[in-house]
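Reviewing the structure listed below.
Numbering (the UniProt record's numbering), first residue to last: 1 to 948.
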């Protein structure tokens, strides 16, 4: 039973939810009998369903002596419940049915959310509801998840944003909860409580019982069914949540001690023509809004301007004064000059009072500039009409091709918004030929962005975004937003490229900024360094960041001024234009760019040579080889280690892509559960797919502060064997369920123009042009296929970087498994489990990379660990060879037995055929004897002769 407030289709009421004019979804607010407030969303066109529960309690409510408890509770609710007691079964169910799940804890809220394929939503929602009804917080899970929280905190210790945030909190009033350490770690959740005789699990359950009450929760449910059906489901599942009529915790006081019509027009246009986003992002945003805004504005939030209130504006202005100010000045120049340390992140700092005389000096030296209303914005769209596109092209079409450019065009036949997407890749072969060229090209792009900032501000304010960045063979430009004034911005950017000049003062600023960015490479987290090294080794035309930094240090403004004409001298422009744009408009845009760049009396660009049309390439990992490369970790203060286990499998192929995606779907949650939940190797533990220049694979990534690279690598090796066993043990039902989930994921439609364009533009940039990729890969999942492919492993471990390649030939045992796979296919599966396992095991080649903390690096220990790990691998390999020999002998014996059986079967068949012929002749003779007495006499006489 629920109270319905407001309407979704009827006349407006005071509680009616304001939605965009182009939004076809239906909304309904209900309040369950336990006072849980719910927003229901019905979207018959959705491919994914989603839900988000916002609980109005966060880290501000952490009890004294247990900092981080609210965040810890967020982790614990994912483990199990009384109704679904199997550990991690919730996450496993979500993952295996094409979904994702997560949560976050803020100062005053904790938000849990998930999305999933539509046909699995009801059970997923039931599992989700158990978080708030009867969760199980077991003793062993408690300690394991404390370690996970501790690992999460350790990965943040050297991140500037986390350090600064905690320093802000540390310098706030100690009597305000903002002062607290909200993440938690082993010290706050175990060591300190234990010394005081406090049981963390008991306090955890108490915190849950006290704070998790239905009346301070807000639920958003995004479904495919109609509102009535969704409401019945929600009432059934969520009315069991306890309501203790708790007040939302309030924390008064400040943590720190002592419009224009144009804007309205832009906000109206952006809100009412906003792009549809994925359901999971939608529900999280709305459930957070439900705690802040009245029902009417749950969807609006702060998107639309409210009525002008001079008193409110004045109150804000009164707070913006020099006397109410804290300035944080961050610089490495202060090293050794500080006298204080923040306790949780060990950030060194000093405090200085800002004197009245200093403030007075600032005020006297302030520029005498009056605030003015902005000038009229030329980018504000006034034509929001939709084009009458006659050609309803499903995929991009090649609309125009010259020696200067190529134009791909895709009209909007799906989203019906007055928006466009323009992407252009300037193929300049000189751009990435050396570290110097890469740095100079980067400097060119950074300066272009810098020069456009002031002009581009007005475009961004009017709903037009743009971007410039380095691409594989040059640089890329994109412009996205309302189509009406888009061309004005595009032509302005092209003019900046044509008239580019190096301004010495801006060059110095950008050079300093780039230098800092390069120097920060060595402070990246170990797993990021591992991925960087793997990418550098595998991809063509990539250079070490140290070489690029060296090139940058010697770079002068004159060098860049000399480089740009050479960079642009040979150029080809690959273009993609989509959305609310007609064909002639798209062609006109590209023709204008050609005229400016190539057809001027003194053109800055000429066509590139045919031999310069090169696609990006990746290194093929060879068989029968073994290489080891070791590099010291770059950050001596980072105690974390990281392993990246990369598996290179195949070049782009629809069938293999589908099988690889299916393997990832099956293995992803098992990897997370084993390596993070059970073995507690580290907070960052994932399995993801990879695509290096059209070469597909998967990546296992683990970052750890508790184990070295040798141990991590051995555990991944063990996991791979377990995954093989898991694949073979999957039941028909489980296997088909995973295939169905993957098909549903494949059939998920693009939500908006940018998402669709990003997909098609990726196909164009990579040179594959497989615009029907999704349909083809989905169809492959329905075909009975067996396969046995080479499986390459690339590892990245921790105390340094090393590579270990080796290969094994395909064995008879694998061929036997391939036969098993074929038999399994014949049972009716879309394709066999055995076949999937083949991809995973056949012909192992592996490459290992590693980066980690050099703070605790011990090369001898590392070598011993790796020696031990390799020994175990070699022992395993020897065992495989021995089994293969045994299998080969058994196969030979079976073959002999099969040949003998076939010979006997042939003899038996021949005998039965003879008996059959005799029987038929006897029937014929019997018939003839009855039909003619003379024949009967003749046959009797013949029979007597035969007997004689």
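Yeah, the Cβ is synthetic: ideal placement off N, Cα and C, and Gly gets one too.
Computed from a predicted model, the values in this text were never measured in an experiment.
- Ranked by Cα distance from residue 298, the options 310, 309, 282 are led by 282.
- Put simply, the backbone Cα of residue 685 is about 39 Å away from that of residue 31.
- According to DSSP, residue 184 shares a beta bridge with no other residue.
- Between the segment 390-403 and the segment 545-559 there are fewer than three C-beta pairs closer than 8 Å, too few to call the two in contact.
- Annotation: the continuous beta strand (DSSP E) that includes residue 411 extends over 405-411.
- Between residue 314 and residue 308, the alpha-carbon positions lie close to 11 Å from each other.
- When C-beta atoms of the segment 690-698 are compared with those of the segment 609-624, three or more pairs fall below 8 Å, so the two segments count as touching.
- Spatial neighbours of residue 134 in its own chain (CB-CB distance under 8 Å, excluding positions within 5 residues in sequence) are listed in chain order as 81, 82, 83.
- Per the coordinates, the alpha-carbon of residue 529 lies some 20 Å from the alpha-carbon of residue 163.
- DSSP places residue 655 in the uninterrupted alpha helix (DSSP H) bounded by 654-672.
- Here the alpha carbons of residue 304 and residue 209 stand approximately 39 Å from one another.
- In this structure, the beta-carbon distance from residue 224 to residue 49 falls below 8 Å.
- Residue range 69-76 is occupied by the alpha helix (DSSP H) that includes residue 72.
- Selection 118, 388, 601, 64 evaluated against residue 745 yields 118 as nearest (Cα-Cα).
- If the five residues before and after residue 518 are omitted, its C-beta is found closer than 7 Å to the C-beta atoms of 545, 548, 549, 552, all from its own chain and listed in chain order.
- Put simply, of 709, 606, 730, 17 the residue whose alpha carbon is nearest the alpha carbon of residue 293 is 17.
- When DSSP states are grouped into helix, strand and coil, residue 141 belongs to the helix group.
- Just measuring C-alpha positions, the residue of 253, 349, 344, 322 sitting nearest residue 333 is 349.
- DSSP, reduced to helix, strand and coil, places residue 688 within a strand of the structure shown.
- C-alpha of residue 582 to C-alpha of residue 387: approximately 7 Å in a straight line.
- Judged by their CB atoms, residue 527 and residue 703 are nearer to each other than the 8 Å cut-off.
- Counted as a single uninterrupted DSSP element, the alpha helix (DSSP H) harbouring residue 530 occupies residues 526-538.
- Here the C-alpha atom of residue 474 lies approximately 28 Å from the C-alpha atom of residue 698.
- Bridge partners of residue 135 according to DSSP: 81.
- Between the segment 246-253 and the segment 53-73, the count of C-beta pairs closer than 8 Å reaches three or more; the two stretches touch.
- The continuous stretches of alpha helix (DSSP H) do not include residue 499, and DSSP gives it neither H nor E.
- For residue 286, the closest of 352, 302, 141 by C-alpha to C-alpha distance is 302.
- Scanning the segment 349-430 for uninterrupted beta strand (DSSP E) segments of 3 residues or longer gives 397-401, 405-411, 419-427, listed from N- to C-terminal end.
- When the five nearest sequence neighbours on each side are left out, the beta carbons in the same chain lying within less than 8 Å of the beta carbon of residue 91 are those of 78, 101, 669, 672, 673, in order along the chain.
- It is roughly 11 Å from the alpha-carbon of residue 408 to the alpha-carbon of residue 763.
- DSSP, reduced to helix, strand and coil, places residue 774 within a helical segment of the structure shown.
- Excluding its 5 nearest sequence neighbours in each direction, residue 651 has C-beta neighbours in its own chain below 8 Å: 694, 695, 696, listed in chain order.
- Taking a cut-off of 8 Å on C-beta distances, the segment 587-601 does not touch the segment 765-785, as fewer than three cross pairs fall below it.
- The count of Cβ pairs closer than 8 Å, one atom from the segment 231-242 and one from the segment 18-37, reaches three, so the stretches are in contact.
- Measuring C-alpha to C-alpha distances from residue 347 to each of 356, 353, 335 identifies 335 as the nearest.
- Boundaries for residue 290: no alpha helix (DSSP H) harbours it, and the DSSP string shows neither H nor E there.
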